[in-house]
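To keep things clear, I will list the structure first and then write my remarks on it.
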Amino acid sequence: MLLFAYDGSVNGDWVSHYAVQLAAAHQEHRLNLVYVRDGRANDTELKGKLGRLAHECGRQEVELLPHLLPRARSVSDAIHEFIPAGSDSYLICGTRARERHGGYLSGTTAERLLRSGHCNVLALRVVQPGLLGSPQRLLLPVSERIGDFHLALPFLRLFGPQVSHLHILSVAQVSSGRLRRMSHEKTEYSRAPGEVRCERVEEMIRERLGLGGKIMDAQVVVSDDVPKEILIAANKTKSRLIYMGASQRNLTERFVYGNPIERVLRDATCDVAIYRGVD
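Just so we're on the same page, our numbering is the position in the sequence shown counted from 1, plus 25.
Here is the structure:
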């Protein structure tokens with residue numbers, strides 16, 4: 026079951042293009058749109074927006090099923106109550122369109138949905154609306170916890186049909202002091218686990234998603250600043266979407282400007298997708 030938490034905003038319209046594209050790749054070819062009435066969009070405006078979305082779904086041979094929920098004290102709670110829990114549910118939502126004091130994600134409905142562990146969740150910040158939800162060139166940062174990589178696969182599988190290039194990035198993080206003192210030999214030694222990690226990720230993607238090795242490449246860097254390396258790699262590889270995971274630690278971090286997710290969301294010049302999968 027694939028669902029899209031729609032808020033009726035222009036930003037929500039941008040995110041909806043991703044929802045349609047991913048629904049077209051889902052086995053059900055069905056997009057369940059969930060809208061919690063909050064009074065910000067009148068019925069006439071909402072009807073027009075849903076009509077536009079239905080037309081776009083039709084072009085992709087996707088069935089649109091709108092679910093208009095009554096006003097609720099908590100939008101995230103209302104969405105949770107509607108969506109079946111578990112790994113068979115896929116939920117797409119948007120981050121803030123503009124940075125506020127709380128950042129792009131912190132304190133939002135999207136953050137609460139990611140934190141819940143209720144189902145597979147993908148939160149998107151759209152920087153390039155002209156892509157219409159079809160970025161094709163993806164950057165995939167992988168963490169040192171390779172055992173969790175399977176949680177990236179549900180949504181990555183849906184992106185698969187449109188991917189023309191997948192760049193895998195592993196950052197071996199060291200302290201600033203250690204980085205300044207590292208010899209070439211020690212740097213290469215620190216890179217070795219990341220190279221093994223990237224090979225395992227490539228193998229898993231080939232076996233489980235069927236993506237060919239020709240569209241994938243990998244890079245391992247040693248750095249004291251992971252978000253900076255993600256942003257540099259995205260620019261160098263001309264990636265149009267950064268597809269990165271959210272850990273519980275990142276989602277509960279209150280220091281917004283030092284949070285790695287918020288830094289990438291703030292400074293990226295391409296679209297960013299934050300995923301959190303469930304077993």
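Where is the CB? At the ideal position from N, CA and C, for every residue including glycine.
It should be emphasised that the depicted structure is a prediction, and the values quoted were computed from it without experimental measurement.
- Here glutamine 52 is exposed, its C-beta having fewer than 16 other C-beta atoms within 10 Å.
- Boundaries of the alpha helix (DSSP H) harbouring tyrosine 43: 35-50, taken from the DSSP string.
- Contact check for valine 151 against aspartate 32 fails: the beta carbons are separated by 7 Å or more.
- At the C-beta level, alanine 30 and glutamine 85 stay beyond 7 Å of one another.
- Scanning its chain for C-beta atoms nearer than 6 Å, with the 5 sequence neighbours on each side dropped, one finds around histidine 143 the residues His105, Ala110, in chain order.
- Counting the other Cβ atoms within 10 Å of the Cβ of alanine 259 gives 16 or more, which makes it buried.
- Contact check for tyrosine 60 and leucine 93: beta-carbon distance about 5 Å, within the 8 Å limit, so the pair qualifies.
- Between the region 256-272 and the region 149-169 there are three or more inter-stretch CB-CB distances shorter than 8 Å, so the stretches are counted as touching.
- Beyond the five residues adjoining it in sequence on each side, alanine 97 comes within less than 7 Å, by CB distance, of Val61, Ala103 in the same chain, given in chain order.
- For serine 201, the secondary structure class from DSSP, reduced to helix, strand or coil, is helix.
- Proximity of the region 211-218 to the region 238-248 meets the contact definition, three or more beta-carbon pairs being nearer than 8 Å.
- Listed in chain order, the non-local C-beta contacts of leucine 58 below 6 Å within the same chain comprise Phe29, Tyr31, Pro91, local neighbours out to five positions each way being set aside.
- By the neighbour-count definition (other C-beta atoms within 10 Å, threshold 16), arginine 125 is an exposed residue.
- With contact defined as three or more Cβ pairs closer than 8 Å, the region 116-125 and the region 37-49 are in contact.
- Nearest to leucine 147 by alpha-carbon distance, out of Leu157, Gly237, Gln153, Ala135, is Ala135.
- In this structure, Arg182 is the residue among Arg205, Gln46, Thr69, Arg182 with its C-alpha nearest to the C-alpha of glutamate 232.
- Under the 10 Å beta carbon count, arginine 170 is surrounded by fewer than 16 other beta carbons and is classified as exposed.
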